[in-house]
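Inspection log for the structure reproduced underneath, given as structure tokens.
Chains as they are written, first to last, in our numbering: chain A, 396 to 682; chain B, 141 to 408.
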């Protein structure tokens, strides 16, 4: 009885705003459902339409591509930054602050910074490339209007903006490595590179698994950075699935179809989270 | 060799700081400046005129308040609700305890983005679109917070709880004056991470609010930016103004934030 009292607020909110929408969503996929009201029952039409809808699969591919672009780079960058901030140096604290600070910015601020930094002619990146003479005076790189380049720009901004959290996780994992192990390795004649490769890296492997899975899930859900920086363009070639769901529901006034697409995202993320949970638990079982 | 490390480290630090410094500097440049080389971005004349203009003609301060208000409510309530639930699961024996735990655990697998369309419909049915309740309530049930806090409550020995019980303390007393103080670092970490999460939350406010008096910063900024796409100064003033509060908070709480991430990040 008492337990119930303590659980009640959580369970109430959880059921109302997570479990119930999930069930409601299944109903919505079987209807033509607009922003105003429920229209007509359409059976499996939304599903049939979706499986033959090129836009949907392209958008899922774009989200996947973003995962492929940002996950390995995120892990490597986070490890490199943690190595820098873990070195004995007077600037150690400063490094920690500087690498983390972009993470507290709002996603909108980070995205608009990206948008202006990567502008041609006056943008920060192009004027910098002019200054160090990598880019000749009279030529410009159009970061935001060429598909390949805009992926680079969006990924770079995302890495800069979010690497801080992973960097801190790696830094604290590195600080947990006992000094004796490192010293012992050095007595055996190991150099910096040996220590990193044979002591540090193996120690980081459990946290790397967690970070990798969480990053895959986070990257798959990308929306605002791309929406602000490229608008999903050029020609929808960078539009991620969450943006397509939003546009279908709120611009094309088709919540039923949008809900159907969300269930694809749901299944994909469910599988990813299950893998993540399984990896985590296996780790604990071993420990 | 040592110098190579140092130079690489410094370059990395400059790269990370440059966009923020650039944002701050551009925000005090004069409108209509001529930029030919990189150096022109950083040279005077400076002016705060645009700050006055943005502050007096836009709702930016209003939105900053909304962001803070919503994030503060979400943080306090999320942690309170999660602490109570995880305390029950961890320390009060009851019949469906294991089932309850798995019910919450299942929530970890449900991504918010995937239920956002039906959530919109549910919120509409409850008539909480376009309201603070609508911004706050759906964010309060965090399975992650329950699971993480439960693992910390589990760390408090049962013998301690039992001995206090023998002394005649009720369940509420145990929760309030034993469990909460003992797990304060975990609660603080959870609070900080929840605050940053809410501060950055975009998709739900974007869908559920259309009244610009209720905008939070992440959705107000894009609306405002659309009006000023020709020049750099106004956008950077908007960026700076909306970042200053959180940057100040970060500088004050840096230690706790960093500790919080390593404490709960690994557990979660």
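Yeah, the Cβ is synthetic: ideal placement off N, Cα and C, and Gly gets one too.
- Task: Quick one: grab the DSSP three-state call for residue 187(B).
- Result: The residue labelled residue 187(B) in the question sits at position 47 within the second chain. Note: residue 187(B) maps to coil in three-state DSSP.
Legend entry - Residues that residue 394(B) contacts on chain A, provided the C-beta gap is smaller than 7 Å: The count along the second chain starts at 1 and reaches residue 394(B) at position 254. Neighbours of residue 394(B) in chain A, taken as residues at a C-beta separation under 7 Å, are given in chain order as 492.
Measuring only between beta-carbons, confirm whether residue 584(A) sits less than 9 Å from chain B. As a working mapping, residue 584(A) is identified with position 189 in the first chain. No, no contact with chain B.
Exercise for review: May I ask you to report which of helix, strand or coil DSSP gives residue 231(B)?
Suggested key: By 1-based counting over the second chain, the position of residue 231(B) is 91. Correct three-state label for residue 231(B): helix.
| field | Proximal chain A residues relative to residue 152(B), where beta-carbon distance stays under 7 Å | value | Residue 152(B) sits at position 12 when you count from the first residue of the second chain. Neighbours of residue 152(B) on chain A, chain order: 476 and 479.
Worksheet item: How do the region 600–619 of chain A and the region 660–671 of chain A stand: do at least 3 beta-carbon pairs fall below 8 Å, yes or no?
Response: Proximity of the region 600–619 of chain A to the region 660–671 of chain A meets the contact definition, three or more beta-carbon pairs being nearer than 8 Å.
Residue 458(A) to residue 183(B) span [Cα, whole Å]
Counting from 1 along the first chain, the entry for residue 458(A) is found at position 63. Counting from 1 along the second chain, the entry for residue 183(B) is found at position 43. Those two C-alpha atoms are separated by around 40 Å.
- prompt: Taking 9 Å as the CB-CB limit, is residue 221(B) close to chain A?
  reply: Counting from 1 along the second chain, the entry for residue 221(B) is found at position 81. Taking Cβ atoms only, chain A reaches closer than 9 Å to residue 221(B), which makes this a yes.
query: Among 392(B), 175(B), 218(B) and 382(B), which has the Cα closest to the Cα of residue 201(B)?
result: Position 61 of the second chain, counting from 1, holds the residue named residue 201(B). With distances taken between Cα atoms, residue 201(B) lies closest to 382(B).
Next on the checklist: Suppose you measure from the CA of residue 276(B) to the CA of residue 353(B); what does that come to, to the nearest Å?
Outcome noted: Sequence index remark: in the second chain, residue 276(B) carries index 136 (1-based). Sequence index remark: in the second chain, residue 353(B) carries index 213 (1-based). Rounded to the nearest angstrom, the two C-alpha atoms are 16 Å apart.
Self-check item: DSSP three-state assignment for residue 483(A), whether helix, strand or coil
Solution: Your numbering for residue 483(A) matches position 88 in the first chain. Correct three-state label for residue 483(A): coil.
Quick one: Cα of residue 328(B) to Cα of residue 570(A), how far? Indexing the second chain from 1 puts residue 328(B) at position 188. Indexing the first chain from 1 puts residue 570(A) at position 175. Residue 328(B) and residue 570(A): Cα-Cα distance of roughly 22 Å.
Could you tell me which whole alpha helix (DSSP H) segments of length 4 or greater appear in the region 285–342 of chain B?
Fully enclosed alpha helix (DSSP H) runs of 4 or longer: 298–306 and 324–340.
Review point. In angstroms, rounded to a whole number, what distance separates the CA positions of residue 346(B) and residue 359(B)?
Key: Here the question's residue 346(B) lines up with position 206 in the second chain. Here the question's residue 359(B) lines up with position 219 in the second chain. C-alpha of residue 346(B) to C-alpha of residue 359(B): approximately 6 Å in a straight line.
- Is the beta carbon of residue 232(B) less than 9 Å from the beta carbon of residue 288(B)? The residue given as residue 232(B) occupies position 92 in the second chain. The residue given as residue 288(B) occupies position 148 in the second chain. Against a cut-off of 9 Å, the Cβ pair of residue 288(B) and residue 232(B) comes out as no contact.
For this session: Take residue 448(A) and list the residues in its own chain whose beta-carbon comes closer than 7 Å to its own, dropping the five residues that flank it on each side.
Result: Counted from its first residue, the first chain places residue 448(A) at position 53. No residues qualify anywhere along the chain.
By the 7 Å beta-carbon criterion, what residues does the region 612–626 of chain A contribute toward chain B?
Hits within the stretch, in order: 616, 618, 619 and 623.
Counting along the chain, where does the alpha helix (DSSP H) carrying residue 517(A) start and finish? Locating residue 517(A) in the first chain gives position 122, counting from the first residue. Looking at the DSSP string, residue 517(A) is not in any alpha helix (DSSP H), and its letter there is neither H nor E.
Touch test, the region 638–653 of chain A against the region 416–433 of chain A, Cβ-Cβ under 8 Å, three pairs minimum = Short answer: they touch.
**Prompt:** Do you know offhand how far residue 286(B)'s Cα is from residue 456(A)'s?
**Reply:** Translated into the one-based positions of the second chain, residue 286(B) becomes position 146. Translated into the one-based positions of the first chain, residue 456(A) becomes position 61. The straight-line gap from Cα to Cα measures roughly 34 Å.
Have a look at residue 404(A) and residue 221(B) and give me their C-alpha separation to the nearest angstrom.
By 1-based counting over the first chain, the position of residue 404(A) is 9. By 1-based counting over the second chain, the position of residue 221(B) is 81. Cα-Cα distance, rounded: 6 Å.
For the region 343–355 of chain B, list every residue whose C-beta sits within 9 Å of some C-beta in chain A, in sequence order.
If you check each beta-carbon in the region 343–355 of chain B against every beta-carbon of chain A, the ones closer than 9 Å belong to 343, 346 and 347.
- Query: How is the alpha helix (DSSP H) around residue 142(B) delimited, first residue to last?
  - Reply: Position 2 of the second chain holds residue 142(B). Counting along the chain, residue 142(B) sits inside the alpha helix (DSSP H) bounded by residues 142–167.
**Contact with chain B by residue 628(A), beta-carbon distance below 9 Å** = For this step, residue 628(A) is matched to residue 233 along the first chain. Closer than 9 Å: no.
Inset, instruction - Take the Cβ of residue 653(A) as the centre, count every other Cβ of all protein chains shown within 10 Å, and call the residue buried at 16 or more, exposed below. - result: The sequence position of residue 653(A) within the first chain is 258, counting from 1. Buried, since its Cβ has 16 or more Cβ neighbours within 10 Å.
Looking at C-alpha atoms only, which residue of 638(A), 400(A) and 664(A) is the closest neighbour of residue 229(B)?
Indexing the second chain from 1 puts residue 229(B) at position 89. In terms of Cα proximity to residue 229(B), the closest of 638(A), 400(A) and 664(A) is 400(A).
Going by the beta-carbon positions, is the gap between residue 343(B) and residue 256(B) smaller than 9 Å? Working through the second chain from its first residue, we reach residue 343(B) at position 203. Working through the second chain from its first residue, we reach residue 256(B) at position 116. With contacts defined by Cβ atoms closer than 9 Å, residue 343(B) and residue 256(B) form a contacting pair.
In the DSSP assignment, find the alpha helix (DSSP H) that holds residue 434(A) and state where it starts and stops.
Indexing the first chain from 1 puts residue 434(A) at position 39. Residue 434(A) -> not in any alpha helix (DSSP H); beta strand (DSSP E) instead, spanning 433–436.
* Under the rule that 16 or more other beta-carbon atoms within 10 Å means buried, what is residue 253(B), buried or exposed? -> Numbered from 1 along the second chain, position 113 holds the residue referred to as residue 253(B). It is buried - the Cβ of residue 253(B) has at least 16 other Cβ atoms within 10 Å.
- prompt: Quick one, which residues of the region 202–232 of chain B are near chain A if we go by CB-CB under 7 Å, in chain order?
  reply: Here the close residues are 221, 222, 224, 225, 227, 228 and 232.
Three or more C-beta pairs below 8 Å linking the region 494–513 of chain A and the region 148–164 of chain B: The region 494–513 of chain A is in contact with the region 148–164 of chain B.
Between the beta-carbon of residue 624(A) and the beta-carbon of residue 549(A), is there less than 9 Å?
-> Counted from its first residue, the first chain places residue 624(A) at position 229. Counted from its first residue, the first chain places residue 549(A) at position 154. Yes, the Cβ-Cβ distance between residue 624(A) and residue 549(A) is below 9 Å.
### Query
Just reading off the alpha helix (DSSP H) that residue 260(B) is part of, what are its end residues?
Taking the second chain and counting its residues from 1, the one referred to as residue 260(B) is at position 120. Annotation: the continuous alpha helix (DSSP H) that includes residue 260(B) extends over 256–265.
**Asked** Distance, Cα to Cα, residue 245(B) vs residue 402(A)?
**Response** Along the second chain, read from residue 1 onward, the residue named residue 245(B) stands at position 105. Along the first chain, read from residue 1 onward, the residue named residue 402(A) stands at position 7. Roughly 14 Å between the two C-alpha positions.
Check: Would you say residue 419(A) reaches chain B, if we count a Cβ-Cβ gap shorter than 9 Å as a contact?
Finding: Position 24 of the first chain holds residue 419(A). With 9 Å as the cut-off, residue 419(A) counts as an interface residue toward chain B.
N-terminal and C-terminal residue of the alpha helix (DSSP H) that residue 428(A) is part of: Walking along the first chain from the start, residue 428(A) turns up at place 33. Secondary structure note for residue 428(A): it is in no alpha helix (DSSP H), and the uninterrupted beta strand (DSSP E) holding it is 426–428.
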